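Chemist: Heads up: the sequence shown begins at 1 in the numbering used here, then just goes up one per residue.
Virtual Cβ for every residue (Gly too), placed ideally from N, Cα, C.
Predicted model only: the values in this text are computed from it and were never measured.
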Amino acid sequence: MKKLEFDKLNLKDKAKLVLIEQGKFIASRDYYNQRLVLYDMVEFFAEVWYEPEGNKINNIISIELDDKRIDRYIDSVNQQKNKIIN
1 MKKLEFDKLN
11 LKDKAKLVLI
21 EQGKFIASRD
31 YYNQRLVLYD
41 MVEFFAEVWY
51 EPEGNKINNI
61 ISIELDDKRI
71 DRYIDSVNQQ
81 KNKIIN
């Protein structure tokens with residue numbers, strides 16, 4: 001699926017596509033009261049905004065492959081590795 005097609009979907013259809021049909025988990029990070037989870041969708045990334053306290057998905061956005069927001073996940077993974085090593 002192309003990014004533009006994905007962007008037109010409602011939240012329920014995005015969730016089905018990302019979580020069940022096509023998405024491949026990459027990483028997650030915490031942002032205030034949200035857990036942000038990044039999935040590979042082949043031609044773009046999908047970022048799922050999940051609220052653990054309410055057990056609900058608040059949003060799913062598409063991110064271009066070269067978007068700088070991806071760096072935040074790299075930083076998060078590096079921090080997790082450092083905790084394990086130390």
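Look up K2 in the DSSP assignment and say whether it is helix, strand or coil.
Modeler: coil
Chemist: Along the chain, where does the beta strand (DSSP E) that runs through D40 open and close?
Modeler: Q34 to D40
Chemist: Over what stretch of residues does the alpha helix (DSSP H) that includes D66 continue unbroken?
Modeler: The continuous stretches of alpha helix (DSSP H) do not include D66, and DSSP gives it neither H nor E.
Chemist: Tell me D30's beta-bridge partners as DSSP assigns them.
Modeler: The beta-bridge partner set that DSSP reports for D30 consists of R35.
Chemist: Contact check, D40 vs K24 under 8 angstroms by CB: the rounded distance?
Modeler: 4 angstroms
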